[in-house]
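Participant:
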Amino acid sequence: MTLAFEKFMRQYQATGSEKADGYSRDAFIELDDSEKEVVFKLLESELPFSIEWLFFLDVKRALAVAKEEEEKTRGNGYQHVYILQEQLVKHSGDLIYQKRMIEDYPGYVDSLKPLVIDAIGRTPANKAVVDFFKQIVLVEVNDSAVARAARKLLMALKVPRSNEIEERNYLQLLSELRNNNIKIKMKAIAQIERYEKYKPTLSVNS
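Each residue of the sequence shown is one higher than the one before, counting from 148 in our numbering.
Here's what the structure looks like:
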């Protein structure tokens, strides 16, 4: 038994805040082949939260597992399916999973919506993502989700903040995007269109 496997098992069997800390990379690096098989199976029982480590162990096999689990759990607003979809985008390059993240967003419970937005923000920025963030800013009633979407929108558009003037402009736009007044939101969106590489639209489904 390798030291890496012993470390993994300690972390796997941990509870409470220690378990919440997750796994450390060195618990996977020096596993032998038989141990990798055991670890892979144990991590499958912790999906979707363990999917990143499954990809670390075996990308090809993890892709198959993630796709199957995504199909099985998609549509359940209490499940963290977006974690699987984000990793599928990252490791397969297939933006269909980004599209699904956007499509599935309305079905999530409110407590998960900000996390879904964060995950979408970590996928490649493109017209669909920019449109999605705009729509959330305009119509979402979940304040935390709106705040996340506003930040991710400015990030996706690469709104500059490299000096004091740009920083003030950035913070002003962020404040306006989070404002409860729809006219103020629309004004901010009109202002940031100059940063867009994509044809502006307010429709998520276009």
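We treat Cβ as the ideally placed atom computed from N, Cα and C, and that holds for glycine.
Please state whether DSSP places Ser353 in a helix, a strand or coil.
Facilitator: Low confidence applies to Ser353: its pLDDT is 36, below 50, so where it sits in the model is not reliable, and the reading given next is rough at best. In this structure, Ser353 counts as coil in the three-state DSSP scheme.
Participant: Is Val256 helix, strand or coil when you go by DSSP?
Facilitator: coil
Participant: Do the CB positions of Val216 and Leu189 come within less than 7 angstroms of each other?
Facilitator: Val is not the amino acid found at residue 216; the sequence shown has Glu there. In this structure, Glu216 lies away from Leu189, with their beta-carbon atoms at least 7 angstroms apart.
Participant: Can you give the Cα-Cα distance for Gly222 and Arg247, rounded to whole angstroms?
Facilitator: 10 angstroms
Participant: Using a Cβ-Cβ cutoff of less than 8 angstroms, which residues in the same chain neighbour Ser117 once the five nearest sequence positions on both sides are dropped?
Facilitator: With the chain covering only 148 through 353, there is no way to say anything about residue 117.
Participant: If we count Cβ pairs, one from each stretch, closer than 8 angstroms, do we get three or more for the segment 272-288 versus the segment 298-308?
Facilitator: Yes, the segment 272-288 touches the segment 298-308.
Participant: Check this for me: beta carbons of Leu178 and Phe196, under 7 angstroms apart or not?
Facilitator: The answer is no: Cβ separation not under 7 angstroms.
Participant: Start and end of the alpha helix (DSSP H) containing Gly224?
Facilitator: Per DSSP, Gly224 belongs to no alpha helix (DSSP H) and is neither H nor E.
Participant: What does a CB cutoff of less than 8 angstroms around Met333 pick up in its chain, not counting 5 residues either side in sequence?
Facilitator: Leu285
Participant: Exposed or buried, Leu349, counting other C-beta atoms within 10 Å across all chains shown (16 or more means buried)?
Facilitator: Annotation note: pLDDT 41 at Leu349 (below 50); position unreliable, coordinate value reported separately. When all chains shown are included, Leu349 counts as exposed.
Participant: Counting C-beta neighbours from all protein chains within 10 Å, is the total for Thr270 16 or more, i.e. buried, or is it exposed?
Facilitator: buried
Participant: Which full runs of the alpha helix (DSSP H) of 4+ residues lie inside the segment 274-351, going along the chain?
Facilitator: 274-286, 290-303, 311-324 and 329-339
Participant: Identify whether Pro261 lies in helix, strand or coil by the three-state DSSP scheme.
Facilitator: helix
Participant: So what's Leu189 in DSSP terms, helix, strand or just coil?
Facilitator: helix
Participant: How would you label Glu184, buried or exposed, when you count the other beta carbons within 10 angstroms and need 16 or more for buried?
Facilitator: exposed
Participant: Over what stretch of residues does the alpha helix (DSSP H) that includes Arg269 continue unbroken?
Facilitator: Taken as a continuous stretch (DSSP letters only), Arg269 belongs to no alpha helix (DSSP H), as it is neither H nor E.
Participant: Return no unless some Cβ of chain D is closer than 7 angstroms to the Cβ of Gly224.
Facilitator: This model lacks chain D altogether; it includes just one protein chain.
Participant: Kindly indicate the opening and closing residues of the alpha helix (DSSP H) around Ala174.
Facilitator: Asp173 to Ile176
Participant: Indicate the three-state DSSP secondary structure (helix, strand or coil) for Ala161 in the structure shown.
Facilitator: coil
Participant: Leaving aside the five residues before and after Glu343 along the sequence, list all residues of the same chain whose C-beta is less than 8 angstroms from its C-beta, in chain order.
Facilitator: Val277 and Leu304
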